[in-house]
Amino acid sequence: GAAAAGFPVSFSTSCAAIEMVNLDTGTVVYQKNPDVRREPASTTKIMTYIVAVEHIKDLQGTRIPVTKKVMNELLGTGSSMSGIKVGDVLTAFQLLNCMMVPSGNDAALVLADYVGGGSAEKFVAMMNQKAKQLGCTGTHFANPHGLHDPNHYTTASDLTKIARYAMKLPYFMEICSQVGYSYAPVGGPDANKKIPHPLSTTNLLLNKNAPGNTYYYQYARGIKTGHTDEAGYCLVSTATADGYSYLCVALGAPSLDKQGRQIQTRGEMADSAKLYRWALTSLEL
-16 GAAAAGFPVS FSTSCAAIEM VNLDTGTVVY QKNPDVRREP ASTTKIMTYI VAVEHIKDLQ
44 GTRIPVTKKV MNELLGTGSS MSGIKVGDVL TAFQLLNCMM VPSGNDAALV LADYVGGGSA
104 EKFVAMMNQK AKQLGCTGTH FANPHGLHDP NHYTTASDLT KIARYAMKLP YFMEICSQVG
164 YSYAPVGGPD ANKKIPHPLS TTNLLLNKNA PGNTYYYQYA RGIKTGHTDE AGYCLVSTAT
224 ADGYSYLCVA LGAPSLDKQG RQIQTRGEMA DSAKLYRWAL TSLEL
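Last residue of the sequence shown: number 268 in our numbering, and the count goes up by one each step with no gaps.
Shown next, in the form of C-alpha cells:
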C-alpha cells in the first residue's frame, strides 16, 4: 500500500491506531494504522457535541429534563456517569459539560433524546450524516455515548477530521479542557438547594492532581477520553508550545491482559505525551 504519512520516530507506541497532525498546516506528522476501523468508546462524544450544538440554538437558555426513560436505558451497562438524576432539569450547556468532562453517558443520552425529538436513533442518524459531510469514509455510529456495539466504529484518520471540526465550535475547547466542572440543576426537586455537584475530568494529561497520576502533560488541552474492553483505552487531545499546535488521536491501547484483567498502564496517555514531546522538541513545521 501507500507509504504512511509522517516522520520516523525512535520509540514504539502501544495504541492500535494513531493519527497526529499539525493543527496549523494540517500536515500529518505521525500515523499508525490510520484507516483501520476501531471502536471509539467515549471519544464518540465529540460527534455528539457537534450534532447537539448545531441543533440547539440557545445552549444556556435551553432547559432539558432528565427522564426515567433515558436513564433506564443505561441500567446495567457499566456506564461512566455524571450523576444527573431523574427529575433534574439542566441547561443544554450544563449537559455538554457533564458529557465532556467526567464522560457522562447519562448526559450524552439526554442530549441525544432531546435533539432527536424523543428518539436517540434519529440523533444517531444525524451523527452519521455529519460524519459523511465531514468526509469520513470509515465511520459508523450506533449510539451517542460509545458503549460497545459491533456496528459502532471509526478510524484515527476520520476522528481527526471530526475533532478538527469540533474545535471550531462554540465553547468546545473551553469545556473539554477543564480539569473540573460543577453544576446545580436549574429545575426539578433539587433546583433551589443550589448544591454544587463537583465533577473531575477523565483526562490524565490534564489532571495534575489525580491520585498517582504520572501522565500529566503541561502543554495538553482537551479533548476526550474513551475506554471499553472492546475499544481499549482511547484519547483525543491537543498540545501547544512555542507557537506549534498538534492534535493526536490515539485509539486502542491495551486495557485487558490475556487473563482478562484490567491493565493499569494507560498506553493512550503515554503514547500521546510521548508524541507531543517528540513533535514539540524535534519538528520544525
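C-beta: ideal position from N, C-alpha, C; glycine also.
Notebook entry, point to check: Span of the alpha helix (DSSP H) holding Arg147?
Noted result: Ala139 to Ala149
Check: Would you say Met64 and Asn80 are within 8 Å of each other, going by their C-beta atoms?
Finding: no
Check: Can you round the beta-carbon distance between Met54 and Val72 to whole angstroms, since I take them to be within the 8 Å contact cut?
Finding: Between Val72 and Met54 the Cβ distance is about 14 Å, and since that is not below 8 Å, they are no contact.
Notebook entry, point to check: Going straight from the alpha carbon of Gln14 to that of Pro(-9), what length do you get?
Noted result: 10 Å
Notebook entry, point to check: According to the Cβ coordinates, are Ala35 and Val107 closer than 8 Å?
Noted result: no
Next item on the list: Tell me whether Gly(-16) sits in a helix, a strand or coil according to DSSP, three-state version.
Entry: Residue confidence is low: Gly(-16) scores 33 on pLDDT, short of 50, so the model does not pin down where it sits. Its coordinate-derived value is still stated next. The answer is coil: DSSP assigns Gly(-16) none of H, G, I, E or B.
Note to self: Measuring CB atoms only, is the region 138 to 145 touching the region 22 to 35, in the sense that at least three cross pairs come out at less than 8 Å?
What the structure shows: yes
Checklist line | Unbroken stretches of the beta strand (DSSP E), 3 residues or longer, contained in the region 188 to 241 | finding: 203 to 211, 215 to 224 and 227 to 236
Checklist line | 7 Å CB neighbourhood of Ala90 in its chain, flanking five on each side removed | finding: Ser65, Ile67, Leu78, Cys81 and Met82
Next item on the list: Report yes if the C-beta distance between Tyr202 and Leu263 is below 8 Å; otherwise report no.
Entry: yes
Check: Who are the near neighbours of Asp132 in its chain, counting only those whose CB is closer than 7 Å to its CB and skipping five residues on each side?
Finding: Ala125 and Asn126
Margin query: Relative to the C-alpha of Ser(-3), which candidate in Gly215, Lys241, Met156 and Trp261 has its C-alpha closest?
Written below: Gly215
Check: What do you reckon, are the CB atoms on Asp254 and Ile47 nearer than 8 Å?
Finding: no
Note to self: I need the DSSP call for Glu56, collapsed to helix, strand or coil.
What the structure shows: coil
Item checked: Same chain, Cβ closer than 8 Å to Asn134, neighbours up to 5 away in sequence not counted -> His123 and Ala125
Next item on the list: Quick one: residues in its chain with C-beta nearer than 8 Å to the C-beta of Ala(-14), no 5 flanking neighbours on either side, listed in chain order?
Entry: Unreliable positioning characterises Ala(-14) in this predicted model, as indicated by a pLDDT of 48, which lies under 50. The coordinate reading is nonetheless provided below. Excluding residues within five positions, none has a Cβ falling inside 8 Å.
Next item on the list: Using alpha carbons as the reference points, say which of Pro168, Leu58, Cys119 and Lys177 lies closest to Leu130.
Entry: Leu58
Notebook entry, point to check: Phe(-6): buried (16+ other C-beta within 10 angstroms of its C-beta) or exposed?
Noted result: exposed
Next item on the list: Would you mind listing the alpha helix (DSSP H) stretches within the region 92 to 131 that are 4+ residues and don't spill past its ends, in chain order?
Entry: 103 to 116
Notebook entry, point to check: In the region 11 to 43, which residue ranges form an unbroken alpha helix (DSSP H) of at least 4 residues, counting only runs that do not cross its ends?
Noted result: 28 to 38
Note to self: Which runs of the beta strand (DSSP E) at least 3 residues long sit entirely within the region 64 to 95? Give them in chain order.
What the structure shows: 72 to 74
Notebook entry, point to check: Mapping DSSP to helix, strand and coil, what is Gly163?
Noted result: strand
Margin query: In whole angstroms, give me the CA-to-CA distance for His156 and Gln112.
Written below: It is worth fixing the name first, because residue 156 is Met in this sequence and not His. The straight-line gap from Cα to Cα measures roughly 23 Å.
Margin query: Going by C-alpha to C-alpha distance, which of Tyr164, Ile33 and Arg260 sits closest to Asp225?
Written below: Arg260
Note to self: Mapping the DSSP letters down to three states, classify Ser183 as helix, strand or coil.
What the structure shows: strand
Next item on the list: Could you name the residues of the same chain whose beta carbon sits closer than 7 Å to that of Gly121, not counting the 5 residues immediately before and after it, in chain order?
Entry: Asp18, Arg20, Thr137, Thr138 and Asp141
Next item on the list: Just the C-alpha distance for Gln43 and Met110, rounded to the nearest angstrom, thanks.
Entry: 22 Å
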